[in-house]
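Residue numbering for the sequence shown is 1 to 263, as defined by full-length UniProt numbering.
In this text, a Cβ means the ideal position worked out from N, Cα and C, and glycines have one as well.
Note that the structure is a prediction, hence the values are computed from the model and not measured.
Worksheet for the structure shown next.
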Amino acid sequence: MASRSNKATSASARDRARAEAERIRAEQAQKERRTRAILIAGAVALVGLIVAAGILIAQQANKSYLEDVEVRPANSDLHGGISVGADGAAGTANDGAPVLNAYLDFMCPHCVEFEAVNAADLTELREAGDLTVVYHPVAIVDPGAAGASQRSAIAAAAVANYAPGQFAAFIDAVFAFQEQELVALSDDQLAEIAADAGVPQEAIDTFTDGQYPEWVEAATNQMERDTGNRSTPQVLLDGEVLDVTWTEPGVLREAIEAAAGGA
Numbered sequence: 001m002a003s004r005s006n007k008a009t010s011a012s013a014r015d016r017a018r019a020e021a022e023r024i025r026a027e028q029a030q031k032e033r034r035t036r037a038i039l040i041a042g043a044v045a046l047v048g049l050i051v052a053a054g055i056l057i058a059q060q061a062n063k064s065y066l067e068d069v070e071v072r073p074a075n076s077d078l079h080g081g082i083s084v085g086a087d088g089a090a091g092t093a094n095d096g097a098p099v100l101n102a103y104l105d106f107m108c109p110h111c112v113e114f115e116a117v118n119a120a121d122l123t124e125l126r127e128a129g130d131l132t133v134v135y136h137p138v139a140i141v142d143p144g145a146a147g148a149s150q151r152s153a154i155a156a157a158a159v160a161n162y163a164p165g166q167f168a169a170f171i172d173a174v175f176a177f178q179e180q181e182l183v184a185l186s187d188d189q190l191a192e193i194a195a196d197a198g199v200p201q202e203a204i205d206t207f208t209d210g211q212y213p214e215w216v217e218a219a220t221n222q223m224e225r226d227t228g229n230r231s232t233p234q235v236l237l238d239g240e241v242l243d244v245t246w247t248e249p250g251v252l253r254e255a256i257e258a259a260a261g262g263a
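This is the structure:
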């Protein structure tokens, strides 16, 4: 009798042990499932954060420095460019023609040389409707608030805004003046050059009213983003940095005409 009772007790203990073991296993499995769910959710969230950060970085990399500038000259784009078509007016273009972006500093001797060698060809092609020139006035050589690079770029912005019909004439006149004697242009000199180029006095009066320093600084920074370089001149043809010997007469023109022929 006692033997049967002992066996029953042992069986009951084993059953309780098995039940306890099963409970522990179930709890452990539930914990593991919760842990996996948390890890998966965390991984998904991390991937989402990485993707969002990548998108934000890409957006910032593509954002123009000019977007946050409150006062921008009319007829300028978000790359600091001012396009010129056949009639020489700021904000115009020749439809279907190659587009030459020229980043120039009026105080830069190499920019003066660029214009001396190529201005006649660029003007002829532009006036014939075979080229759109986009000028980017920047301040590299003498960029400070009192610098001639900034003053002259501000003057160009003011002409684009207030006297767009004289924009190309003003650009040509400034470089022609600098070709004779490269100097740090004063406000009075810029005003005289502008007047000789046909810019009305009411537009000239805005050269020194403080509208465009921030725009010039942003346009100069944008040049580095667009071209990968912070020296002038920089020349792009149809969006690509143009690697030709522009110091040789006719070479730049040949590249432009080749681009037009392949269009």
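- Scanning the region 197-237 for uninterrupted beta strand (DSSP E) segments of 3 residues or longer gives 234-237, listed from N- to C-terminal end.
- The Cβ-Cβ distance between Gln166 and Gly198 falls below 8 Å.
- A distance below 7 Å between beta-carbons, with the five flanking residues on each side excluded, links Ala155 to the following residues of its chain, in chain order: Leu190, Ala194, Phe207.
- As DSSP reads the structure, Ala102 sits in a beta bridge with Tyr135, Val235.
- Val84: member of the beta strand (DSSP E) spanning 82-84, first to last residue.
- Just so you know, the alpha carbons of Gly85 and Ile40 end up roughly 58 Å apart.
- Straight-line spacing of the CA atoms in Gly96 and Pro200 works out to 32 Å.
- DSSP lists Leu237 as the bridge partner or partners of Glu240.
- The beta-bridge partner set that DSSP reports for Ala90 consists of Val84.
- Contact between Ala218 and Pro98 is ruled out by a C-beta separation of about 26 Å, above the 8 Å threshold.
- One alpha carbon belongs to Val241, the other to Val251, and they sit about 15 Å apart.
- Boundaries of the alpha helix (DSSP H) around Tyr162: 148-162.
- Here Gln150 is buried. Its C-beta has 16 or more other C-beta atoms within 10 Å.
- Pro249 counts as exposed, since fewer than 16 other beta carbons sit within 10 angstroms of its beta carbon.
- The beta carbons of Ala158 and Tyr103 sit about 19 Å from each other, so the pair does not count as a contact at 8 Å.
- Burial check for Asn229: the Cβ neighbour count within 10 Å stays below 16, so the residue is exposed.
- Straight-line measurement puts the Cα of Asn94 at about 22 Å from the Cα of Ala173.
- In the displayed model, Ser12 falls within a helix according to three-state DSSP.
- The beta-carbon separation of Asp130 and Arg253, rounded to 10 Å, does not stay under the 8 Å limit for a contact.
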